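With the UniProt record's numbering applied, the sequence shown covers 1 to 261. Idealized CB from N, CA, C, for every residue including glycine. Remember, it's a predicted structure, so these values are computed and weren't measured experimentally.
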Amino acid sequence: MFKNKLISIIIPVYNQAEEIQATLASVLSQTYKKHEVIIVNDGSTDSTAVALENLKRKFWDKKIRCKIIQQNNQGANAARNRGAAEARGEYIIFWDADIVAAPAMLEKIHKPLQDNPNVSYAYSSFVYGSPPHLLNNIPFILKAPYLNRCGGKKFKLWPFDADKLKQMPYIHTTSLIRREHAGRWDAEIKRLQDWDLWLTLLKQGHIGVWVPEYLFTVNTQHGTMSHWLPRWAYKFMPWLKEVKKYKEAVEVIKRKHELNF
Numbered sequence: 001m002f003k004n005k006l007i008s009i010i011i012p013v014y015n016q017a018e019e020i021q022a023t024l025a026s027v028l029s030q031t032y033k034k035h036e037v038i039i040v041n042d043g044s045t046d047s048t049a050v051a052l053e054n055l056k057r058k059f060w061d062k063k064i065r066c067k068i069i070q071q072n073n074q075g076a077n078a079a080r081n082r083g084a085a086e087a088r089g090e091y092i093i094f095w096d097a098d099i100v101a102a103p104a105m106l107e108k109i110h111k112p113l114q115d116n117p118n119v120s121y122a123y124s125s126f127v128y129g130s131p132p133h134l135l136n137n138i139p140f141i142l143k144a145p146y147l148n149r150c151g152g153k154k155f156k157l158w159p160f161d162a163d164k165l166k167q168m169p170y171i172h173t174t175s176l177i178r179r180e181h182a183g184r185w186d187a188e189i190k191r192l193q194d195w196d197l198w199l200t201l202l203k204q205g206h207i208g209v210w211v212p213e214y215l216f217t218v219n220t221q222h223g224t225m226s227h228w229l230p231r232w233a234y235k236f237m238p239w240l241k242e243v244k245k246y247k248e249a250v251e252v253i254k255r256k257h258e259l260n261f
């Protein structure tokens, strides 16, 4: 019987006083109880700091270590690095402030790492956007056949494929990583930050494993750090500001990692 290992949940947050409440509620609901929470408030100018202090008491009541770090605005990657420096767990998950997870998420993405010592991280499929009134019932959203009725965009991923990873950013930031393989996020990269991380790990010989379930949803109710456009927009609407920024970001990643496609 394997002994459960400590998971460090690192949450960078910037002006997300509304979203963080649903996010932390889903952290509190996790069936995998051996975890700590490190929240890095990256210079928020709204009521995020107050919301975090109020929410922290809920973790204390359940005897879960919850540390809140306040810093000047430096960007999501700098916030992730700051949180990782404070982590004590053997596994780390960079849990974005707009992620609302199924109660069994940590349990399900922890198991393949426990069972397969040769893989460095575990990732799952997910849903982008869900009706606000359903955010308090994530198991309902993520469970078939309701998934097709709830709205949002389903991202059904696939088993780890190094060649595909070199061609497209398909693995979400919110994945569980062995601490010794987590490395540092490049603070100079402003977009496609997760793709940059997974490509860096690939260069180091680290691979991932896919958990074939929808385990979280990206809360798009208030506008967040995460962005998504339908695939056709990138091909047929090149004049869109978001499309231009995306293509520029792809070129930055291609140059850094010497990708040719």
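Checklist entry - Secondary structure at residue 35, three-state DSSP: helix, strand or coil? => result Counting from one through the sequence shown, the residue named residue 35 turns up at place 35. When secondary structure is reduced to three states using DSSP, residue 35 falls in the strand class.
Item to check | Host alpha helix (DSSP H) of residue 30 (start-end) | outcome: In the sequence shown, counting from the first residue as 1, residue 30 sits at position 30. Note, residue 30: premise wrong, no alpha helix (DSSP H); not H, not E.
Next on the checklist: Here's the rule: buried if 16 or more other CB atoms are within 10 angstroms of the residue's CB, otherwise exposed. What is residue 225?
Outcome noted: On the sequence shown, residue 225 is found 225 positions in, with the first residue counted as 1. Residue confidence for residue 225 is low, a pLDDT of 40 falling below 50, so the modelled location carries little weight; the figure read from the coordinates is stated next. Result: buried.
Checklist entry - Which residues bound the alpha helix (DSSP H) around residue 255? => result Along the sequence shown, one-based indexing puts residue 255 at 255. 241 to 257 is the extent of the alpha helix (DSSP H) around residue 255.
Next on the checklist: According to DSSP, simplified to helix, strand and coil, what is residue 119?
Outcome noted: The count along the sequence shown starts at 1 and reaches residue 119 at position 119. Coil at residue 119, not helix or strand.
Checklist entry - Is residue 81 near residue 42, with beta carbons less than 9 Å apart? => result If you number the sequence shown from 1, residue 81 lands on position 81. If you number the sequence shown from 1, residue 42 lands on position 42. No. Outside cutoff.
Checklist entry - Exposed or buried, residue 132, counting other C-beta atoms within 10 Å across all chains shown (16 or more means buried)? => result Numbered from 1 along the sequence shown, position 132 holds the residue referred to as residue 132. Any reading at residue 132 must be qualified, since the residue scores a pLDDT of 48, below 50, and its modelled position is unreliable; no value is offered.
Checklist entry - Name the DSSP bridge partner or partners of residue 70? => result Position 70 of the sequence shown holds residue 70. For residue 70, which the question treats as bridged, DSSP gives the partners 41.
Item to check | Extent of the continuous beta strand (DSSP E) to which residue 210 belongs | outcome: For the purposes of this step, residue 210 is taken as the residue at position 210 of the sequence shown. Taken as a continuous stretch (DSSP letters only), the beta strand (DSSP E) holding residue 210 covers 208 to 218.
Checklist entry - In three-state terms, what does DSSP make of residue 62? => result Working through the sequence shown from its first residue, we reach residue 62 at position 62. DSSP, read as helix, strand or coil, puts residue 62 in coil.
Checklist entry - Is the beta carbon of residue 105 sitting closer than 9 Å to the one on residue 216? => result The residue you call residue 105 lines up with position 105 of the sequence shown. The residue you call residue 216 lines up with position 216 of the sequence shown. Against a cut-off of 9 Å, the Cβ pair of residue 216 and residue 105 comes out as a contact.
Checklist entry - Straight-line CA distance for residue 242 to residue 4? => result The residue given as residue 242 occupies position 242 in the sequence shown. The residue given as residue 4 occupies position 4 in the sequence shown. Residue 242 and residue 4: Cα-Cα distance of roughly 42 Å.
Item to check | Nearest to residue 38 (by Cα), restricted to the options 45, 161 and 52 | outcome: Residue 38 sits at position 38 when you count from the first residue of the sequence shown. Comparing C-alpha distances from residue 38 to each of 45, 161 and 52 shows the shortest one belongs to 52.
Next on the checklist: Considering only their Cβ atoms, is the gap separating residue 7 from residue 92 smaller than 9 Å?
Outcome noted: For the purposes of this step, residue 92 is identified with residue 92 of the sequence shown, where counting begins at 1. For the purposes of this step, residue 7 is identified with residue 7 of the sequence shown, where counting begins at 1. Going by C-beta atoms, residue 92 is nearer than 9 Å to residue 7.
Item to check | Separation of residue 88 from residue 15, as counted between CA atoms | outcome: Along the sequence shown, one-based indexing puts residue 15 at 15. Along the sequence shown, one-based indexing puts residue 88 at 88. Each residue's alpha carbon lies about 26 Å from the other.
Next on the checklist: What would DSSP say about residue 17, mapped onto helix, strand or coil?
Outcome noted: Looking up residue 17 in the sequence shown gives position 17. In this structure, residue 17 counts as coil in the three-state DSSP scheme.
Checklist entry - Nearest CA to the CA of residue 167: which residue from 33, 83, 69 and 195? => result The residue given as residue 167 occupies position 167 in the sequence shown. Out of 33, 83, 69 and 195, the CA that lies nearest to the CA of residue 167 is found in 195.
Checklist entry - Buried or exposed: residue 240, going by 16 or more other Cβ atoms within 10 Å of its Cβ? => result The residue given as residue 240 occupies position 240 in the sequence shown. Residue environment analysis places residue 240 among the exposed positions, since fewer than 16 neighbouring C-beta atoms fall within 10 angstroms of its C-beta.
Checklist entry - For residue 88, does the three-state DSSP call read helix, strand or coil? => result Numbered from its first residue, the sequence shown carries residue 88 at position 88. Coil.
Item to check | Inter-residue Cα distance where the pair is residue 201 and residue 248 | outcome: Taking the first residue of the sequence shown as position 1, residue 201 is located at position 201. Taking the first residue of the sequence shown as position 1, residue 248 is located at position 248. Distance between the alpha carbons of residue 201 and residue 248: 22 Å.
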